[in-house]
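What follows is a single structure, written as structure tokens, with notes after it.
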Amino acid sequence: MRVLMSVLALLLWSASARAQVYEGNDTGGIIPWSCEAEAAAQQIAAAYCARWDKYHRITSVHRQYGDYIAFHCLWSPHVNRYALPAVPTRAHCPRSPLVVKALN
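Note that the working numbering has the sequence shown beginning at -8, numbered continuously upward.
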């Protein structure tokens, strides 16, 4: 049981470690989508935009592996409020049925 839990923890840790900006510049970027990356997207985009003393705004989330979470870096959080509407992201990932079976 301990081995299974440590393997599961290692897999979850390695999946979250890959959540980073794939491509971007001072105007925004994209993050490869995964459930874990979406849960951390606000923090990832905020840290990335902070390099240029800007604020982040998530503009699209395509919930499919191989797609991306797009964000813009803005000088003010109030700029282009309606032209670039913020898109909500998930705060956590639902538990997979496979993980539930492994834990039981």
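From the three backbone atoms N, C-alpha and C, an ideal C-beta is built for every residue, glycine too.
For the 9 Å CB-CB criterion, H63 and H53 do not form a contact. Around A37, the same chain offers H47 as residues with beta carbons nearer than 6 Å, after the five sequence neighbours per side are excluded.
In the structure shown, the three-state DSSP call for C64 is strand. Under DSSP, N16 takes part in a beta bridge, and its partners are G19. C-alpha of G20 to C-alpha of Y59: approximately 10 Å in a straight line. Residue pairing for H47: DSSP places it in a beta bridge opposite C64. Nearest neighbour of W43 by Cα position, chosen from Q33, G15, H69, turns out to be G15. Secondary structure note for C40: its alpha helix (DSSP H) is the uninterrupted segment 26 to 40. Residue burial annotation: W24 is buried, with at least 16 other C-beta atoms found within 10 angstroms of its C-beta.
Burial of Y39 is indicated by the presence of at least 16 other C-beta atoms within 10 angstroms of its C-beta. When the five nearest sequence neighbours on each side are left out, the beta carbons in the same chain lying within less than 8 Å of the beta carbon of W66 are those of K45, Y46, in order along the chain.
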